[in-house]
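Asker: Each residue of the sequence shown is one higher than the one before, starting from 4 at the first, in this note's numbering.
Glycine included, every Cβ here is placed at the ideal spot set by N, Cα and C.
I have a structure here, written as structure tokens, and I will follow up with some questions on it.
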Amino acid sequence: MARPRTPLLSRRAIVETALAIVDADGLDGLSMRGLARRMGVEAGSLYHHIASREQLLDEVIALINEEVDLEPLAAYDRWQDGLAAFARSYHRAFAAHPEMVAVAMRRPIQTPTALTLYEREFALLLEAGWDPARASAIAASLDHLVLGSALETFAAGFDRPPGQYAEEHPVLARLLAESDQETLPTRSFELGLEAFIRGLGEPG
């Protein structure tokens, strides 16, 4: 049987390729025409599967959400442990694709994967005894912690070697020189998460 001249497309393959482009070239590097070229097809072929670039971005966010492990939300005896484990998985998923974090923060929550994520998170919080108003505030605050820390690390803001700060900012230079910058993003997220969970206390 002769092979088809045009590569076979699927919605998932399109979305996975789009995410790879964003990871490599940034959000500005993603266009329907460039995506089609990367996949070896004409741009019109993509529109049989994805209606627009906006829909494509929603699908990319949904793909990242698939990387979030929701099992901890129902697997722990203590709601705090389940929420913390969920938050760590949520953070890992988006920290691996930082270019998409700001996009996710600006877009409506409407894909099935995102809605399922919040459904399960809210179920945990309500079952723990939080009232709906408090549960929604907790979920929103956790989003700020997870996505904000995935967007940009603290250390990334200092773009010079520590010694170059020493003359005018000796305390800053010492801090940068004596702290492990490679593990700082993880350590800072864990510190924030620990403080957040502890600060919530117990329902009622």
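Looking at the structure shown, is LEU148 part of a helix, part of a strand, or coil, going by DSSP?
Answerer: In the sequence shown, counting from the first residue as 1, residue 148 sits at position 145. In the structure shown, LEU148 sits in a helix (DSSP, three-state: H, G or I).
Asker: Three-state secondary structure (DSSP) at GLY85?
Answerer: Translated into the one-based positions of the sequence shown, residue 85 becomes position 82. Judged by DSSP in its simplified three-state form, GLY85 adopts helix.
Asker: So, for THR114: in the same chain, excluding its five sequence neighbours on each side, which residues have a beta-carbon less than 8 Å away from its beta-carbon?
Answerer: The sequence position of residue 114 within the sequence shown is 111, counting from 1. Around THR114, the same chain offers ASP61, GLU62, ILE64, ALA65, ASN68 as residues with beta carbons nearer than 8 Å, after the five sequence neighbours per side are excluded.
Asker: When we look at the beta-carbon of TYR121 and count the other beta-carbons within 10 Å, is it buried (16 or more) or exposed?
Answerer: Against the sequence shown, residue 121 aligns to sequence position 118. TYR121 is exposed by the Cβ-count criterion.
Asker: Could you check where the alpha helix (DSSP H) with VAL207 kicks off and where it finishes?
Answerer: As a first step, residue 207 must be located in the sequence shown, where it is residue number 204. First, the residue type needs correcting, since residue 207 is Gly and not Val in the sequence shown. Element bounds for GLY207: n/a, residue is neither H nor E.
Asker: With a 10 Å radius around its C-beta and 16 neighbouring C-beta atoms as the bar for buried, classify PRO206 as buried or exposed.
Answerer: Mapped onto the sequence shown, residue 206 falls at position 203. The residue in question, PRO206, is exposed, as its Cβ has fewer than 16 Cβ neighbours within 10 Å.
Asker: Pick out whichever of ALA16, GLN58, HIS94, ARG190 has its Cα sitting closest to the Cα of ARG110.
Answerer: For the purposes of this step, residue 110 is taken as residue 107 along the sequence shown, with counting starting at 1. Closest by alpha carbon: GLN58.
Asker: What would DSSP say about VAL71, mapped onto helix, strand or coil?
Answerer: Here the question's residue 71 lines up with position 68 in the sequence shown. Coil at VAL71, not helix or strand.
Asker: Taking the alpha helix (DSSP H) that ASP28 belongs to, which residues open and close that run?
Answerer: Along the sequence shown, read from residue 1 onward, the residue named residue 28 stands at position 25. Per DSSP, the unbroken alpha helix (DSSP H) holding ASP28 starts and ends at 14-28.
Asker: Starting from GLY47 and walking both ways along the alpha helix (DSSP H), at which residues does that stretch end?
Answerer: As a first step, residue 47 is located in the sequence shown; it is residue number 44 there, counting from the start. Segment 46-49, the alpha helix (DSSP H) holding GLY47.
Asker: One question on the structure: do HIS104 and LEU150 come within less than 8 Å of each other, judged by their Cβ atoms?
Answerer: Working through the sequence shown from its first residue, we reach residue 104 at position 101. Working through the sequence shown from its first residue, we reach residue 150 at position 147. Reading the sequence as shown, one finds Val at residue 104 and not His. Yes. Within cutoff.
Asker: My assumption, with CB atoms under 8 Å, is that LEU208 sits in contact with HIS100. Please give the rounded CB distance.
Answerer: Nothing can be reported for residue 208: it is not among the residues displayed for the chain, which extend from 4 to 207.
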